[in-house]
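For the sequence shown, the numbering used here gives the first residue as 66, with consecutive numbering after it.
Where a beta carbon is used, it is the ideal one built from N, C-alpha and C, also for glycine.
What follows is a set of notes on a single structure, which appears directly below.
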Amino acid sequence: GGAPFGLHPRAKADQNTLRTMEERMARQLPRLEDRYPYDLWLLACYEDDQEPGPDLTDAIRNWNARYRWPQIRTVGNPDEPFDRLRKTYAGQIPVLRGEITGGWYQHPLSTPDLLARKFAADRLLPTAEKLACLAALTDPAFAYPKIRLEQAWQALLLNDEHSYGTSGYQGRRVYETWMQHRDWIEKAEETACQVSVKALESLAAQVDMPEESVLVFNPTAQPRSERVTHNGRSCLIDDLPPFGYKAVALSAFTAPDPQPRMATEPPVIENRYYRLAFAPGGALCSIYDKQLGRELVSPAAGTLANEFVYTQDNHKTFHTAAAATFELSESPTLTRVVVHTREAVSRAAIRQQVTLLHHEKRIDIDNQLLHVADMFNRDRYNRYAYYAFPFAVENSRRFCQLNGSLAEYGKSLTGHGTDVYLPAHEWCCVENDAFGIALCQLDSQLVEFDHIHADKTDYGNPGKGSAIFAYLANDWLQMHVPDGDQLNFRFRYAITSYSGTHETARIASVAERFAHPVLQTVCPPHPGPLTRGSGSFLALDPDIRLVNLKLAEDGAGLIARFHGRTPRLTFSLQVAGGQEIERATTDERNRDEDTAVQGFATYRIGQGSIRLRVEEPEPPVGGDTPAAIGAYDTGLITRPRAACGEHQGHLYLLWGRNIEPDLSHYELYRGEQADFVAGDDTFLARIEPEPFVVGRYEDTGLKTHTWYYYRVRAVNRQGARGPLSAVFSGLTRAGEP
66 GGAPFGLHPR AKADQNTLRT MEERMARQLP RLEDRYPYDL WLLACYEDDQ
116 EPGPDLTDAI RNWNARYRWP QIRTVGNPDE PFDRLRKTYA GQIPVLRGEI
166 TGGWYQHPLS TPDLLARKFA ADRLLPTAEK LACLAALTDP AFAYPKIRLE
216 QAWQALLLND EHSYGTSGYQ GRRVYETWMQ HRDWIEKAEE TACQVSVKAL
266 ESLAAQVDMP EESVLVFNPT AQPRSERVTH NGRSCLIDDL PPFGYKAVAL
316 SAFTAPDPQP RMATEPPVIE NRYYRLAFAP GGALCSIYDK QLGRELVSPA
366 AGTLANEFVY TQDNHKTFHT AAAATFELSE SPTLTRVVVH TREAVSRAAI
416 RQQVTLLHHE KRIDIDNQLL HVADMFNRDR YNRYAYYAFP FAVENSRRFC
466 QLNGSLAEYG KSLTGHGTDV YLPAHEWCCV ENDAFGIALC QLDSQLVEFD
516 HIHADKTDYG NPGKGSAIFA YLANDWLQMH VPDGDQLNFR FRYAITSYSG
566 THETARIASV AERFAHPVLQ TVCPPHPGPL TRGSGSFLAL DPDIRLVNLK
616 LAEDGAGLIA RFHGRTPRLT FSLQVAGGQE IERATTDERN RDEDTAVQGF
666 ATYRIGQGSI RLRVEEPEPP VGGDTPAAIG AYDTGLITRP RAACGEHQGH
716 LYLLWGRNIE PDLSHYELYR GEQADFVAGD DTFLARIEPE PFVVGRYEDT
766 GLKTHTWYYY RVRAVNRQGA RGPLSAVFSG LTRAGEP
């Protein structure tokens, strides 16, 4: 930072600042010369919530006017100093390798429902872009929704910014911050869903369809087999093309979904890959791999596989579920057990669905925790939740996929943070030279190995065991909900085991299929230019992943992003202009041709030949009436919402600001029924615009634990009223837990 050099983000451009800089520079520069013998240093000089202003740059100008060395410059693009440093000193700078595991990784776990929805949007948005490209390439009437997709990505990026913390627990801005995070995530998720559905329907309309069929689309670049259902019946598609489609006639859906039956004892189920045995509490006491001839669950562990583990006293004691009931269903394509149980201390009602797929060596798990009411408590930093997977792999190495790179648990670290947990993007594994077990995850983020670590700041004690514990949730922010009934979580996993290593078993591909399911739509019979039956849009090396396909920012062609490792990447997009391929930088600039790929790679396709029709946004307002609430995209909240505050009978309200220059005020109405009528009897307040990019109101003096319903509209200076918003609602806080 700048403080050791006398620079502060809020420094004044005066003689006091200059003297401080002189004193501290005199001390600090010799130290830098001894330790970092370069002629360029990069200083971060900013702080949280800092308003822009000229004082700091004026202070730097004063320094540069007096001293020729060191010259200080402000940088908007950090490429410039890093490129210069790399060019001159690349061979002298020591390389620091490894993950710097941050304490901030735990903060999103305070809202695991939002984190899961954010991950879902992360996964679906690239699929939406891929489908939108294909639809625009094949259907001249389809317009690529460029602006909406950009806004969705912006929402996800803004959601990841620094205010995801939980330390500022009380106060209006903290509650409003989390309302804003929910809005960003929901908007991105909604855009991804809407674009995917519309683009898939458009693409399906171009496929020659002799009879009514289900069109199934594979968003990955690997061929796959999938069980597909329609109207309570299923069929197995065993030849779904890579990044392509297959039309399945409705007559092919012959197998009815199995009807569950109650099991009187904890069941044992099996297929050609596995035999699973359930314990009375609903967890798995045995996973036997028939191909490996091995039991995968450690008999010496204190927990079972897929067992919910809860502590309310900061890891002094742990609690698991007791007696469970079991529903068993079987069909030619799968065997499934649904477990219903409760965990008394957390007060969670637990539904665990375990599915043995018959076409793939994979165990799918869908866990739901309903009404985890004990987490609704003001006594923070004591409650933590986990799912246990105590795998038995002797002398194991432990790996986590970090969204591109791979980290070995307890080893691939710089030493600047804890080694207790690692983030696992899509999958992690434990393996030795003979075999391994992989755990894929969709909704949770962090994993610990060997044991549950009570001290999350520890370093140097990662253990050597092969047990995996998915760190699900903590109680750092749960008083932001009105009651414990609102704490409902879903955590999905897949287990697969293999001989050899995760590379030879292609575990990354298994995880990609699990994380990116096929999409489907029903089509009437119709002619079309695309191949009848099935078709693929991409020819690609088998071990390379298609991360995304999107319209280039400048509109000249498409941008394809890949991940993998190969000395020579070859591919072609099976559309007009799809063979015109050039290597590009991540930010879509031209770069030297290099056929080798080591990690992520970006290519531009059809720069001179592909031009997509782009969707034009409709103007939000016309005439003399104010626009509807939320009509303007400001980057912040748009549609109105309400959330409980920190006090009894207390709600915070936020909505998207109207930015018309003649805006006068807002009119807010409140009722106690969802169908209330906005009028004189329900008028609540006239609200003057504040210097924020949102409209907001604080409603107090309400009943405890009661739903309230609102509508709001804008009024201009001529007295013209805009349309009323849709009804939005908030539930006031329950009594003290």
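Contact between N497 and E459 holds: their C-beta atoms lie close to 6 Å from each other, under 8 Å. The beta carbon of S411 sits closer than 6 Å to those of Y375, V437 and D439, all from its chain and outside the five residues before and after it, given in chain order. Burial is judged here by how many other beta carbons sit within 10 angstroms of a residue's own beta carbon; Q356 has fewer than 16 and is exposed. A residue is called buried once 16 or more other Cβ atoms fall within 10 Å of its Cβ, and W541 is buried on that count. Excluding residues up to 5 positions away in sequence, Q271 and V272 lie with their Cβ nearer than 6 Å to the Cβ of L595 in the same chain.
Distances from the alpha-carbon of I560 to those of L611, L202 and L422 put L422 closest. L179 and R84 do not touch by the CB rule: their CB atoms are close to 48 Å apart, not below 8 Å. In summary, Q663 is exposed, with fewer than 16 beta-carbon neighbours lying within 10 Å of its beta-carbon over all protein chains present.
K211 is classed as buried because its beta carbon has at least 16 other beta carbons within 10 Å across all chains shown.
Distance check between H770 and each of F793, E801, A576 and E763 places E801 closest, using alpha-carbon atoms only. The DSSP assignment places 326-328, 333-335 and 339-343 as complete runs of the beta strand (DSSP E) inside the region 325-352, in order along the chain (cut-off: 3 residues). Listed in chain order, the beta strand (DSSP E) runs fully inside the region 534-597 are 554-564 and 584-588, counting runs of at least 3 residues. As computed with DSSP, N655 is found in a beta bridge with A649. Going by DSSP, H295 is part of the beta strand (DSSP E) stretching over R289 to H295.
For the pair of segments examined, the region 576-590 was found to touch the region 281-297: the number of CB pairs separated by less than 8 Å reaches three. Shortest Cα-Cα distance from L189 to any of Y111, I158, P345 and H581 involves H581. Here the alpha carbon of S790 sits roughly 11 Å from the alpha carbon of G721. With a 10 Å radius around the Cβ and a threshold of 16 neighbouring Cβ atoms, V140 comes out exposed. Under the three-pair Cβ rule at 8 Å, the region 105-122 counts as touching the region 69-85.
The count of Cβ pairs closer than 8 Å, one atom from the region 697-712 and one from the region 653-670, stays below three, leaving the stretches out of contact. Here P547 is buried, its C-beta having at least 16 other C-beta atoms within 10 Å. Taking a contact to require three or more Cβ pairs closer than 8 Å, the region 770-790 and the region 703-722 qualify as touching. When rounded, the separation of the alpha-carbon atoms in E425 and L393 is 20 Å.
In the three-state DSSP reduction, Q466 falls in the strand class (E or B). Spatial neighbours of D657 in its own chain (CB-CB distance under 8 Å, excluding positions within 5 residues in sequence) are listed in chain order as R648.
A direct Cα-Cα distance of roughly 9 Å separates G346 from P331. The DSSP-derived three-state label of H712 is coil. As the crow flies, the alpha-carbon of E683 is around 40 Å from that of L467. Shown here, P146 sits in a helix according to DSSP, grouped into three states. Within the DSSP secondary-structure output, I670 pairs in a beta bridge with L623 and I646. Scanning P685, N379 and F383 for the CA closest to the CA of E372 turns up F383. When DSSP reads this structure, S278 sits in a beta bridge with A314 and C588. If you draw a straight line from the Cα of D104 to the Cα of L94, it is about 11 Å long.
A779 sits close to A692, with the two beta carbons spaced by under 9 Å.
Taking 9 Å as the cut-off, the Cβ atoms of G593 and A641 do not count as close.
Under DSSP, no beta-bridge partner is assigned to P284.
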